[in-house]
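The sequence shown runs 110 to 423 under our numbering.
Since the structure comes first, as structure tokens, the remarks are kept for the end.
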Amino acid sequence: MADGPDRTVKTEVEPPAAERTPPEKIVAVPVRHPGRWVAAAVLLVLAAMLVNSLLTNPAWRWDVVWHFMFSSRILSGLLLTIELTALAMVIGIVLGIIIAVMRLSPNPIVSTIAWLYAWFFRGTPVLVQVIFWSFIAILYPVISIGIPFGPEFLYFDANLLIPIFVGVVLGFGLNEAAYMSEIVRAGILSVDAGQTEAAEALGMTRLKILRRIVLPQAMRVIIPPTGNETISMLKTTSIASVVAVGDLFTQAQLIYGGNLQQIPLLVVASIWYLVLTSVLSIAQYFIERRYSRGTVPSRQGGVFGFGRAKSGMA
């Protein structure tokens, strides 16, 4: 048989590297956001108008502001505000932990009493509670200690036992305890129940489990709202002015009641409140970072959260 026609296979030969046509470069055009620039321009204009008003409006009376900024009366009120905040938060945190544990108790009577406490103190205005405790002597002129429904052994004058300052601290502290109990309860419930069961299997008591295992882990949930509550309490202490306890806002009121410089004295009080809340915010940042190690990526850039998250384990 005759052979068939020759079949040749054509292969393409790549041109030399010098003759290759390089690919076209990709020109990346960034996405434009004109709305952001418009918003930024509007905000800058508003900020400039505010600064201009603060500097040029003579009604602000900055000379009066600087005159009273470090006056002895303002500083004494500032110290009393810090004292009120600290005492109220100590009462609120300690009692809040107790109420939270009671809420989680398997005993229905104990849990119901704790629920009623939170319901009552969260449901009534803190102003009413402060006034009530400040004038508790009207209801109970004498406070006694003895056997329930039986003889009494010790008697105390309510006006001496609970003066105005103590009444204000009780009003703030007992009210704060109701809110702290819910914060602590949420933190305790965030801990895996399996850890409690394992600790019980090892023979640990409920108190030791709470102190050694549950609360240390719940702190990362408890700390942020507790810091917010502390900052809120600092500002809430201005309510004490209704009973003239002598806090920062009360002192500012007394001063402008005499010289009729309401705006400058309110600016003085506001500046000091801003200073104290800024200090508390910085402290809260470092405490939160301490208790959140290993759970969230740490951040670079300072207290106000600017910067990128670090890679790797915290």
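Backbone N, C-alpha and C define an ideal beta-carbon position, used for all residues, glycine too.
Sixteen is the threshold: when 16 or more other Cβ atoms of the shown chains lie within 10 Å of the Cβ of T346, as they do, the residue is buried. Distance from the Cα of A302 is smallest, within the candidate group I322, S390, A287, for I322. Here L319 carries a helix assignment [DSSP, helix/strand/coil].
Sorting Q370, V278, Y365 by C-alpha distance to the C-alpha of V239 places V278 at the top. Going by C-alpha positions, L357 is about 7 Å away from A378. For Y264, the enclosing beta strand (DSSP E) has its first and last residue at 261-266. Going by beta carbons, I202 and A223 fall outside the 7 Å limit.
Under DSSP, I247 forms no beta bridge with any residue.
M313 and A327 have their alpha carbons spaced roughly 18 Å apart. By the neighbour-count criterion, in which a residue is buried when 16 or more other Cβ atoms sit within 10 angstroms of its Cβ, Y249 is exposed. Between the alpha carbons of E309 and I256 lies a gap of roughly 38 Å. Counting along the chain, E133 sits inside no alpha helix (DSSP H), nor does DSSP assign it H or E at all. Ranked by how close their Cα comes to the Cα of L298, the residues V330, I348, L204 have V330 in first place.
With respect to G282, I332 sits apart: the two C-beta atoms are not nearer than 7 Å. Looking only at W146, I191, Q304, the smallest Cα-Cα distance to V388 is reached by I191. Residue state for I348 is assigned as helix, using DSSP reduced to three classes. Annotation for W224: the continuous alpha helix (DSSP H) segment containing it runs 217-232. Annotated as proximal: F230 and N284, with beta-carbon spacing under 7 Å. C-alpha of I218 to C-alpha of M211: approximately 9 Å in a straight line. Counting other Cβ atoms within 10 Å of its Cβ, P373 reaches 16 or more and is therefore classed as buried.
Burial is judged here by how many other beta carbons sit within 10 angstroms of a residue's own beta carbon; M342 has at least 16 and is buried. Straight through space, the alpha carbons of F179 and G366 are spaced by roughly 18 Å.
Within the same chain, and ignoring the five residues on either side of L263 in sequence, the residues whose Cβ sits closer than 8 Å to its Cβ are S253, I254, G255. For Q360, the enclosing alpha helix (DSSP H) has its first and last residue at 357-368.
For a cut-off of 8 Å, the C-beta gap from I292 to T233 is around 19 Å, too long to register as a contact. Within 10 angstroms of the beta-carbon of R399 lie fewer than 16 other beta-carbons, which makes it exposed.
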